[in-house]
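Those protein sequence lines, which keep their order, are chains A, B, C and D.
The first sequence begins at -18 in the working numbering and counts up one residue at a time.
The second sequence begins at -13 in the working numbering and counts up one residue at a time.
The third sequence begins at 16 in the working numbering and counts up one residue at a time.
The fourth sequence begins at 5 in the working numbering and counts up one residue at a time.
We treat Cβ as the ideally placed atom computed from N, Cα and C, and that holds for glycine.
Note that the coordinates shown come from a computational prediction; the quantities given were computed from them, not determined experimentally.
Beneath this line is the structure, given in structure tokens, with notes to follow.
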Amino acid sequence: MRKFLEKLERLDRRVIFIFIGFSIALPLLFPVYTDFSVTAPVEGFYNAIEELPPGSKVLVSCDYDPGSMPELFPMNIAVFHHLLSRGHKVIMMQLWATGTLLAERAMTEVLEDFPEKIYGEDWVNLGFKEGREVVMVSMGTNIPKTFPTDSRGTKVEEIPIMQGVTNFDDVALLMNVSGGLPGTKEWVLQVQSRYGVKLGSGCTAVSAPEFYPYIQSGQLVGLLGGMKGAAEYEKLLGRPGTAQRGMDAQSVSHIVVFLFIFIGNVAYFAVKGKKKRLQVSR
Amino acid sequence: MWETIGIWFGAFLTLCIFSFLYKDNPFYKLAEHLFVGISAGYWATLEYHNVFRPNLWDPLTREGRLLLIVPFIFGLLLFSRFTKKYSWLSRWPMALIIGIYAGITIVGYGSGDLILQIHANLLPLWTDNWLTSLNNILLTVGVITGLIYFFFSKEHKGALGAGAKVGIWFLMISFGASFGYTVMSRMSLLIGRVYFLLGTWLHLLE
Amino acid sequence: MRREIPIAICFLFGISFILEYFIPHEGVLSIFETIRQWAIIVIAFAYVLGIANLLRINYHVVQRKQRDWPYKIILMASLFFMITVGIVFDILGVGLGGIGEGTIFGWVYYHAQYPLQSTMFALLAFFIASAAFRAFRIRTFQASLLAVTALFVMIGRVPVGESLWAGFPDFTEWIMNVPQLAGKRAIMIGAALGAISTALKVLTGLERTYLGGE
Amino acid sequence: MIIFPCSKAPRYRPFLRVVFLLICILLIDPSWSLAQEDLTESWFNPNRVNMLVFLVFFFGVIIYFIRRAKKGKSLFIRRIAGLDAIEEAVGRATEMGRPVLFVPGIEDVNQIQTVAAMIILGNVAKMVAGYDIPLFVPICRPFVVPVAEERVKEGYASAGRPDAYNRDNVRYISDEQFAYAAGVQGIMLRDKPMANLLFGSFFAESLMLAETGFLTGAIQVAGTANIHQLPFFVVACDYTIIGEELFATSAYLSKEPKLLGSLKGSDLAKAVIMGILALGAILVSFGVIEFKNWFFIQ
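Set out below in structure tokens:
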């Protein structure tokens, strides 16, 4: 037994890799669609959009790239869908260069359900702008000067939806799809606490715990954390997407990691005697 | 047609990267360098189309906003670091950027992460609801003891030591939550790739 | 002189962003607005500088035929390829040039950059699992607090946890909203003080490492 | 003098020139004119007075402490327990005659965490110098190499063993994150260092390094201010220096006025904040909310 445990402790990592691969692939191939409930931060996000009067202008900053796409792309689609279905107007922008085409594609997919929506009237893409926080504060005084043209090169003054949009006072809500830095933290610090805009965030699970203080303090109206947050949001909208599809795989892989930690520790403490470790107390 | 070729190409590159799991190999290296090159090229192209043209070149040449020459020159000065003699000039634009970020940091962190966080943490310790009271007490104790742990001007002995000890418990719980969420995040990323390989590429998912 | 001017620039531009926070006067605001427009342009140049640097470093590797030099050629070629189809073709008016969907640039993005980058990050799923198995050891009381929280969150946040115990999602939310939040807020306040004091030293010229050596 | 670091009058001249130039330029630009409608006449936003009070207080204490430190007055900072952990780890390596590995993170030399790591490196070099064991320092960014070399050399010299310094042990591995991680893992597996010291700014590679180090049975002490990576260090390392402790450690070791001063300033601010939190909670509990409202920013 002891020998087995010792061997287990020295297990080749490639064996572990195979386990993880299967724990993701099998549930995707044979889904059971376990049900789940919706948590408060996601409801807050959903309600913030629901409560707006139709026709409100909503700024959506899509700050992510392919590195966090599985978590954020479904959110991005769901947000656009939700906004357009409620008759709101979407002004989108990006602060991450390598994600511009993803945001555009999300809109293209959503527009399949809304063929009547017109570019420039119902939605506009202001495109990417360099400068991170500087862009944010710059928009606080003057959006048209920060974004003189949209992503297609049209002058902002000539775009109907942008009429009367000078700064954050002229948008009803700010939604941020955030893959890291610059992202939700920067929007909170530079824009929310400075201009008092209502701000909702969809972010990667990695950064979600960091944003809980902002929900409690009221700096964020809602939060979608990772693929699970996206799945809950999809459920609220009644429009299943890839996030909900991935939930079984998420469950199984978490159980596998749980078992790994458990078995690893059993093996470690069973053969612990020979290892001497450092003894420093805080 | 191009779409199909694209999907196969994407699948090939995906497998190239995954081959690193077996060990470092030429396919992985190829894919990695391709990635760095393409994203740098992508970035440069976007800077041209989305910043250089609309924010600098067009207003300068078409609207006669001559003042924009200043940032233009500052931007060009950055490249002086490639020369030996004039490299000191590149400090000017660097100083500008660093100064701006310093100013932004002070205001942003001061308001959003300090004052508003303090405001949000001033909570009544006893209320009609026992759970709310408990939560408020935990929040107050947790933040104060957490700060004690990061207090370096006194030895952590006596009451201060006890406070720091409680503080580290809260920090550890907070790290545990981050660990759980990080596992969640990473698994989601793999789900995305497996979804691509099994669904988009091999059409095995309905 | 070579040190004073950068410090003055740093101070002036930095302080403008602080004053702007306190002074609502329109006239003053429009000065600051101009400064912000400038900043965006200079920062964009800084990123181009980074790309130029990347080229320079890789060119040296190729020139000296250092380790992995053939790969560096691929790196530079792909960089130039993107710039060519994205900028040069656009200026020359070649078909399929420019950025956006339906261009060569867009095709390369969707079918090369996107799979490459997302797979790079997907590798981390494997590494985290391996680390969980082979190095996640509950050796102290503190580590056990970390581990127990991590396990609750991991199971409580996915659907399977909810089917095990209906109260799991609420319990996980409580962890996130109370003890977790307290820890994060303490770190947040400490880090904010650190960031502000560093920024202050930079503004006043006490900290000048960014200037580099003479 | 406090705000501006040039001490003699003529030195202000370039600064004034720049100001003058800026004003001139601002006046000729067509997009900028004073005759704008809806002039908000106010010169101060009264809703933000709390922020102003905080900033003035905080700036004041930091400058005060830095000046004190510069004058040579001693500023007390408690010894960080992590230093004992480093010492013990290095001690164990010297007993066994096995190498020490120091990984200074993957960020560039101008990043504050790398600077802190370099200070700790100097201290480690001093500890190692007396015993004939190698100190490996694999590096991710080319510009960090000369600084690290300098630090190690100084450390060896101050322990009276400049001859023991071996230049080949401070090596540049790769700029690419994972390639660097693979390189460091190679050193861990090949040279089997007894003490792995990981200090600086780490990202996703942190768990790869900590895992491999754990498997080789090394004693590991880690420290980073990148909070998101701390969980991995806590579980796989023997001791972890958390967040700001990293900067406190470097201030403690270097005794540099700049570092000491801002650390003490932050400490005082923290003490005040703790007081506000405790007092505020009690006041709010008794229904007095004016105090709390003062901390709201509009």
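Item, Value
"Beta-carbon proximity list for Arg96 of chain D, same chain, < 7 Å, skipping 5 on both sides", "Met198, Ala199, Ile223"
"Bridge partner(s) assigned by DSSP for Ser182 of chain A", "A:Asn157, A:Leu204"
"Exposure of Tyr72 of chain B, with buried meaning 16 or more beta-carbon neighbours within 10 Å", "exposed"
"Pair within 9 Å by beta-carbon distance, Val225 of chain D and Ile245 of chain D", "yes"
"CB of Gly227 of chain D within 9 Å of CB of Thr253 of chain D, strictly", "yes"
"Sheet register partners of Gly227 of chain D (DSSP bridge)", "D:Phe203, D:Ile245"
"Chain-ordered chain C contacts of Ser4 of chain D [CB-CB under 8 Å]", "Because chain D spans 5 through 302 in this model, residue 4 of chain D falls outside it and cannot be assessed."
"Straight-line gap, Met50 of chain A to Gly161 of chain A (C-alpha atoms, nearest Å)", "12 Å"
"At least three beta-carbon pairs within less than 8 Å, the region 80 to 89 of chain B to the region 190 to 200 of chain A", "no"
"Straight-line Cα distance separating Leu87 of chain D from Leu125 of chain B", "31 Å"
"Where Ser35 of chain D falls: helix, strand or coil (DSSP)", "Because the pLDDT at Ser35 of chain D is just 43, under 50, the model does not fix this residue reliably, and the point stays unresolved."
"The region 166 to 175 of chain B touching the region 159 to 174 of chain C, judged by at least three CB pairs closer than 8 Å", "yes"
"Within chain D, the residues that Lys216 of chain C reaches when beta carbons sit closer than 7 Å", "Lys262, Ser266"
"For Gly108 of chain A, the first and last residue of its enclosing alpha helix (DSSP H)", "Segment 104 to 109 is the beta strand (DSSP E) holding Gly108 of chain A; no alpha helix (DSSP H) there."
"Contacts of Gln115 of chain D in chain A (Cβ-Cβ under 8 Å)", "Residues of chain A passing the Cβ test: none, with the nearest at roughly 14 Å."
"Helix, strand or coil at Pro35 of chain A according to DSSP, with G and I counted as helix", "coil"
"Status (buried if at least 16 other CB within 10 Å, exposed otherwise) for Met122 of chain D", "buried"
"Gln132 of chain C: first and last residue of the uninterrupted alpha helix (DSSP H) it sits in", "129 to 149"
"Euclidean distance between Cα positions of Gln115 of chain D and Ala255 of chain D", "15 Å"
"Closer than 9 Å to chain C by CB, Glu294 of chain D", "no"
"Reference Ile106 of chain C, options B:Glu(-11), B:Thr31, B:Ala148, closest by Cα", "B:Thr31"
"Chain G contact residues for Asp151 of chain A, given Cβ-Cβ distances below 8 Å", "Judged by its chain identifiers, the structure shown contains no chain G, and its protein chains are A, B, C and D."
"Extent of the continuous beta strand (DSSP E) run through Met74 of chain A", "70 to 75"
"Complete runs of the beta strand (DSSP E) confined to the region 134 to 168 of chain D [at least 3 residues]", "139 to 143"
"Local conformation of Tyr45 of chain A per DSSP, three classes", "coil"
"Leu27 of chain C: first and last residue of the uninterrupted alpha helix (DSSP H) it sits in", "19 to 37"
"Contact with chain A by Glu177 of chain C, beta-carbon distance below 9 Å", "yes"
"Own chain residues within Cβ distance below 6 Å of Met212 of chain D, not counting five before or after", "Ala185"
"Cutoff 7 Å; reference Glu(-13) of chain A; Cβ partners in own chain excluding five residues on either side", "Val252"
"Bounding residues of the beta strand (DSSP E) (the contiguous stretch that carries Val107 of chain D)", "104 to 107"
"For Tyr68 of chain D, the first and last residue of its enclosing alpha helix (DSSP H)", "53 to 74"
"Between the CA atoms of Phe203 of chain D and Phe96 of chain C - distance to the nearest angstrom", "39 Å"
"Beta-carbon neighbours of Ile174 of chain C, restricted to chain A and to distances below 7 Å", "As written in the sequence, residue 174 of chain C is Pro, which differs from the Ile given in the question. Chain A residues near Pro174 of chain C: Thr15, Asp16, Phe17, Met228, Ser232."
"Cβ contact (3+ pairs, closer than 8 Å) linking the region 128 to 137 of chain C and the region 96 to 116 of chain A", "no"
"Contact under 9 Å by Cβ, Gly48 of chain A with Thr81 of chain A", "no"
"Cα-Cα separation, Asn107 of chain B to Tyr95 of chain B", "16 Å"
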